[in-house]
Each structure stands twice: as C-alpha cells, then as structure tokens.
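Read top to bottom, the protein sequences are chains A and B. Just add 1 to wherever you are in the first sequence, counting from 1, and you've got my numbering. Just add 1228 to wherever you are in the second sequence, counting from 1, and you've got my numbering. From the three backbone atoms N, C-alpha and C, an ideal C-beta is built for every residue, glycine too.
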Amino acid sequence: DSGVTQTPKHLITATGQRVTLRCSPRSGDLSVYWYQQSLDQGLQFLIQYYNGEERAKGNILERFSAQQFPDLHSELNLSSLELGDSALYFCASSADTDTQYFGPGTRLTVL
Amino acid sequence: AQKVTQAQTEISVVEKEDVTLDCVYETRDTTYYLFWYKQPPSGELVFLIRRNSFDEQNEISGRYSWNFQKSTSSFNFTITASQVVDSAVYFCALRSYGNKLVFGAGTILRVKS
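Structure below.
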C-alpha cells in the first residue's frame, strides 16, 4: 500500500459526459501528479500540483482540468468525454522532487 | 528530449530462471533520476528503485539487482531465480528537468511454473 488513495476505482460513463477523479496524497506529500495509461499512448504525464499551485503540465487535453485543494487532495476533471479517453488514470504523490508513489488508479470506461 | 526505451515487449521464463529486463534512456541533463516500477495484474504501480545520475553503484535487494551504466545509458534490472509472483509489467522511468516521469513502454514478464 503506497498510502495514496484514489476514488472511484472504476467508472463507466457515456460519451459527452463529465467525470471527476479524486486523489488523496500520502501524508506530508505536497506534490500531486496525474498520469494517464492507455494501450496506444502508454503512461503519460498529465499535470503536477505542488501545495495548491500548478507546477508542470504535460500532454493534458483542454477538456481536462485539475486542481489541488488546501487539504492537499486533488481532483482531475474530464469533460466532453470521448471513447479515446478510456484509460487508467493514476495519481502519484511525492515530497517535492522525491520518489513518486502511485495510487491504485481509476479505470475509466467511456461507452 | 527525454526518452526511455524498453526494447523487450514481452519475456517468458520458467520459474527459477534468471531474467534481465533492459532499459536504455536518453537525456541531455547531467542530473537525472532513473526508476523501476512494477505493475502486477491487479493494476497498481509499485515503486522498486530510484537511482541518481551520480551514483553508478549496482544495487541488490534480495532477488532483485540493478545495473546502472552511464557509458551506455542503460539501467537494467535482473531478477534472480524468478517466481510466478514476479509476473507483471515492469516499467523503467526517467526524471530529469522538471518533476515529471517519462516512462518506457514496459516489459511484460511471464513466469511459468
């Protein structure tokens, strides 16, 4: 158990819908990262937050957004969902530049 | 540009065999970190090891060992006396400038009894 929690574990929704994925980092970790794992793209970095502020952005679509709250949990919002958004979404946390520990992931299926 | 290549897509071995997973990386930075993660069938990503670019000492942890060679930009992972529980997808990753991890495509390891 990495100490990073993610909810929900599975999510099934329809095209055009909006969903919110939630992540709670390990106790004391200020950085939260979001990654997408898909069959065609592999594991791709989406975005990083540090203590509530966006720190780095990867190949995150404009339809996707994230935020980190004062209690350090983070949410990833995916809107106008397409079939191709079906993937495993991971959250990771770290003590700034230290090792990233990953949560169990949220498997999103868009029908 | 940062890149990680895991040329072995899938490896199958019989239990108790030794197996080496290859990882080759590219970066222009002089300071960087290399990682190995394991993704078992249950799907989570489990951290195995971190190595910084200034530490080329090989590391052994039980049946696992890692060989870091800057001269060939490689960070290979060996499992000695493999077990069925080692069956998983193994990812090599690089972190240099910035904090994001760049992952290789992963190697599927199947250990048969």
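A1235 (chain B), buried or exposed, once every other Cβ within 10 Å from all chains shown has been counted against 16: Looking up residue 1235 (chain B) in the second sequence gives position 7. Looking at its Cβ environment, which holds fewer than 16 other Cβ atoms inside 10 Å, A1235 (chain B) is exposed.
Residues of chain A with CB under 7 Å from K1266 (chain B), in chain order? Position 38 of the second sequence, counted from the start, is the residue given in the question as residue 1266 (chain B). Residues of chain A passing the Cβ test: none, with the nearest at roughly 11 Å.
How many angstroms separate the CA atom of A15 (chain A) from the CA atom of E1245 (chain B)? What you label residue 15 (chain A) is simply residue 14 of the first sequence in a count that begins at 1. What you label residue 1245 (chain B) is simply residue 17 of the second sequence in a count that begins at 1. Computed Cα separation, rounded: 46 Å.
Selection of the region 1314-1340 of chain B by Cβ proximity to chain A, strictly under 9 Å: F1319, A1321, R1323, G1326, N1327, K1328, L1329, V1330, F1331, G1332, A1333 and G1334
Going along the region 1278-1303 of chain B in order, which residues come within less than 7 Å of chain A, judged by CB to CB distance? R1278
Would a C-beta distance cut-off of 8 Å place P9 (chain A) and S94 (chain A) closer than the cut-off? As a working note, residue 9 (chain A) is residue 8 in the first sequence. As a working note, residue 94 (chain A) is residue 93 in the first sequence. Taking 8 Å as the Cβ cut-off, P9 (chain A) and S94 (chain A) do not qualify as a contacting pair.
Between Y102 (chain A) and chain B, is there a C-beta pair that is closer than 8 Å? Position 101 of the first sequence, counting from 1, holds the residue named residue 102 (chain A). For Y102 (chain A), the answer is yes, since a Cβ of chain B falls inside 8 Å of its Cβ.
Looking at the C-beta of P9 (chain A), does it have a partner C-beta in chain D at a distance below 8 Å? Chain labels in this structure do not include chain D; the protein chains are A and B.
Quick one: which chain A residues come within Cβ less than 7 Å of S1275 (chain B)? The residue given as residue 1275 (chain B) occupies position 47 in the second sequence. One point to set straight first is that residue 1275 (chain B) is Phe, not Ser, in the sequence displayed. The answer, in chain order, is T100 and Y102.
Proximal residues of chain B, C-beta to C-beta of Q49 (chain A) below 7 Å: Locating residue 49 (chain A) in the first sequence gives position 48, counting from the first residue. Under the 7 Å cutoff, chain B gives N1327 and K1328.
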